[in-house]
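Enquirer:
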Amino acid sequence: MQESPPPTDNYLTLADVVGVYGVKGWVKLRPRLEDTDLLTRLPELHLHPPATSPSASMVAQSEPVQVEAVRQQGKSLIAKLASIDDRTAAEALRGREIRVPAECFPLPGEGEFYWRDLVGLAVWCREDDTRVLLGVVDRLLETGANDVLVVTPTEESVDSKEHLVPWIPETVIVDVDLQDKKIEVRWYVDA
0 MQESPPPTDN
10 YLTLADVVGV
20 YGVKGWVKLR
30 PRLEDTDLLT
40 RLPELHLHPP
50 ATSPSASMVA
60 QSEPVQVEAV
70 RQQGKSLIAK
80 LASIDDRTAA
90 EALRGREIRV
100 PAECFPLPGE
110 GEFYWRDLVG
120 LAVWCREDDT
130 RVLLGVVDRL
140 LETGANDVLV
150 VTPTEESVDS
160 KEHLVPWIPE
170 TVIVDVDLQD
180 KKIEVRWYVD
190 A
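So the sequence shown is numbered by numbering that gives the first Met the number 0: it starts at 0 and just counts up by one.
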């Protein structure tokens, strides 16, 4: 399963500029995708103010950007952006987001899902011979062992509790149906 945040105005956020590296215009990134090489291969990348910024919806604040290079530097990911050649210019980008139009992002492979596609799906639990609604996927957590669905209750849910369901295909995750907006799990309902 690959992390990809929900679209914001039909754009997907791929990385956040969190700092600068060196004096030649490299920036430190917090990636929001597994395959960071996509930053150099995807077309139509844009720099946006953060989604939480009051000016985030202003088109004038968005500008095209080309990522020339990406590499690991210690525990950080650093990138060289076209026409950003000194530390001052790089520092001005701190807090900006690198986004791509959703239609330019590659489709997941067979049996793979992007996190954004799972958010909002109903989670149905098979317990013994019954099938009950746990709730809907609110978000996903990345843990060391496996990813975890955070399932929040709805009015129709079996209880009013939040459920944490590990993403373990075939063992726990029985079926994902994006068209019907549901996930079937083999899990338990807390007593």
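Cβ atoms here follow ideal geometry from the backbone N, Cα and C, with glycine treated the same way.
Model, not experiment: these values are computed from the prediction.
If you follow the alpha helix (DSSP H) that Leu117 is in, where does it begin and where does it stop?
Expert: By 1-based counting over the sequence shown, the position of residue 117 is 118. Taken as a continuous stretch (DSSP letters only), the alpha helix (DSSP H) holding Leu117 covers Trp114 to Leu117.
Enquirer: Determine the direct distance from the alpha carbon of Leu139 to that of Thr151, and round the result to whole angstroms.
Expert: Position 152 of the sequence shown holds residue 151. Position 140 of the sequence shown holds residue 139. The alpha-carbon atoms of Thr151 and Leu139 are separated by roughly 11 angstroms.
Enquirer: Taking a contact to mean a Cβ-Cβ separation below 9 angstroms, would you say Leu265 touches Leu117 in this structure?
Expert: No answer is possible for residue 265: the residues shown for the chain start at 0 and end at 190.
Enquirer: Which whole runs of the alpha helix (DSSP H) in the region 23-93 are 4 residues long or more, in chain order?
Expert: For the region 23-93, whole alpha helix (DSSP H) runs of length 4 or above, ordered along the chain, are 37-40 and 86-90.
Enquirer: Would you kindly work out how many angstroms separate the C-alpha atoms of Leu132 and His45, rounded to a whole number?
Expert: As a position in the sequence shown, residue 132 is number 133, starting the count at 1. As a position in the sequence shown, residue 45 is number 46, starting the count at 1. Approximately 40 angstroms between the Cα atoms of the pair.
Enquirer: For Ala144, name the three-state secondary structure that DSSP assigns.
Expert: Looking up residue 144 in the sequence shown gives position 145. Looking at Ala144 - three-state DSSP - the assignment turns out to be coil, as it is neither helix nor strand.
Enquirer: Among Lys23, Gln71, Arg98 and Gly21, which one has its Cα closest to the Cα of Leu41?
Expert: Indexing the sequence shown from 1 puts residue 41 at position 42. The option with the nearest alpha carbon to Leu41 is Arg98.
Enquirer: Reducing DSSP to helix, strand and coil, say where Glu102 ends up.
Expert: Here residue 102 refers to the residue found at position 103 of the sequence shown. The answer is helix: DSSP assigns Glu102 an H, G or I state.
Enquirer: If I measure Cβ to Cβ from Thr170 and keep anything under 8 angstroms in the same chain, skipping five residues before and after, which residues do I get?
Expert: Reading the sequence shown from its first residue, position 171 is the one you call residue 170. Arg185.
Enquirer: Can you pull the DSSP bridge partners for Glu183?
Expert: Here residue 183 corresponds to residue number 184 of the sequence shown, with the count starting at 1. The partner list for Glu183 (beta bridge, DSSP) reads Trp123 and Asp174.
Enquirer: Against chain B, with Cβ distances strictly below 9 angstroms, would Ile182 count as a contact?
Expert: Checking the listed chains, one finds no chain B in this structure; it contains a single protein chain.
Enquirer: What residue from Gly108, Arg29 and Thr87 has the CA that sits closest to Ala14's CA?
Expert: Taking the sequence shown and counting its residues from 1, the one referred to as residue 14 is at position 15. Of Gly108, Arg29 and Thr87, the residue nearest in Cα terms is Arg29.
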